[in-house]
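Residue 190 in the UniProt record's numbering sits at position 190 of the sequence shown, with consecutive numbering throughout.
Ideal Cβ placement from N, Cα and C applies to all residues, glycine included.
Every value quoted in this text rests on a predicted model; they were computed, and no experiment measured them.
Working notes, structure below.
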Amino acid sequence: MLHGDRNLNEILTGFIRALELMASLDPELMDITARTLMISLSSTGIAAVVAVPLASVIDSREFRGRRFIINIIQTLYSMPTVLVGLFVFLLISRSGPLGSFNLLFTPAGMILGQSILILPLVTGFSLTALRSVKPELRDLARSLGATEYQVMMKVITEARYAVMAAIILGFGRAISEVGVAIMLGGNIRGFTRVITTAISLETSKGNIELSIALGIILLLISLMVNTALNHFQEK
């Protein structure tokens, strides 16, 4: 019982100290948070630029193997992060095809890995959003002389809230993952350390205060992401 009380006191003390670190805008805390947001937002933006047009092409065209491609995309929703990390590691390591770019253990390498990780998710949910648009809209646009590109843009505009929800969902996956970040970033202080990898490291070092503070920030970001996601889903 005494041991349990001591652990509880440590947690409460750590929680209070975490709030103090957040209130004082602790430099290390802010640095890790800023880097996390930069990497996650960048990877989400890259994934969205690829995923939305790809989903639009798949949605607007009938071709052999279309159903198979959709099944592959949906299967990749649950792709393990360590598998993505391994694939990208081999790709950007010194002996890999992209080794000359020196991306390993850099923020750029982490962005590449997270982009690949969330690409199937954003593509699949964007495709679902586009397929929800009524066929009559496409037929009307074509009857008015719209090109296929214009039809695709019209459908994306019509499904913009659902597409935005898919992008936000991808951001939530990117910011909360740890496997790719560790394998490709190396958790280098002041360079590649992000919230999830810092929590793992600081907890193992016994620095409970910083771990809890980072955990609170991650929860707050997740809350904002979910709030935005619900907003767009209601649209």
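Query	Result
Cβ-Cβ distance between residue 92 and residue 42 below 9 Å	no
Secondary structure of residue 207, DSSP reduced to three states	coil
Proximity to residue 81 [Cα-Cα], best of 223, 200 and 181	181
Alpha helix (DSSP H) segment containing residue 106, residue limits	Residue 106 -> no alpha helix (DSSP H), and no H or E assigned at all.
Opening and closing residue of the alpha helix (DSSP H) in which residue 29 lies	27-60
Contacting residues, own chain, Cβ-Cβ under 6 Å from residue 212 (five flanking each side not counted)	14, 15 and 18
Spatial distance of residue 40 from residue 55 (CA atoms)	21 Å
With 16 other Cβ atoms within 10 Å as the buried cut-off, status of residue 126	buried
Rounded C-alpha distance that separates residue 215 from residue 197	11 Å
Alpha-carbon to alpha-carbon, residue 184 and residue 241	A query on residue 241 cannot be resolved here, the shown segment of the chain reaching from 1 to 235 and no further.
Residue 59 classed as buried or exposed, judged by whether at least 16 other C-beta atoms fall within 10 angstroms	buried
Cβ-based neighbour list, residue 150, same chain, cut-off 8 Å, excluding 5 preceding and 5 following	141
DSSP state of residue 11 mapped onto helix, strand, coil	helix
For residue 117, the nearest candidate out of 51, 174 and 128 (CA to CA)	174
Cβ-based burial, residue 124 [other Cβ within 10 Å; buried from 16]	buried
Pair within 9 Å by beta-carbon distance, residue 51 and residue 137	no
Simplified DSSP assignment, three categories, for residue 160	helix
Option in 85, 97 and 122 with minimal Cα separation from residue 74	122
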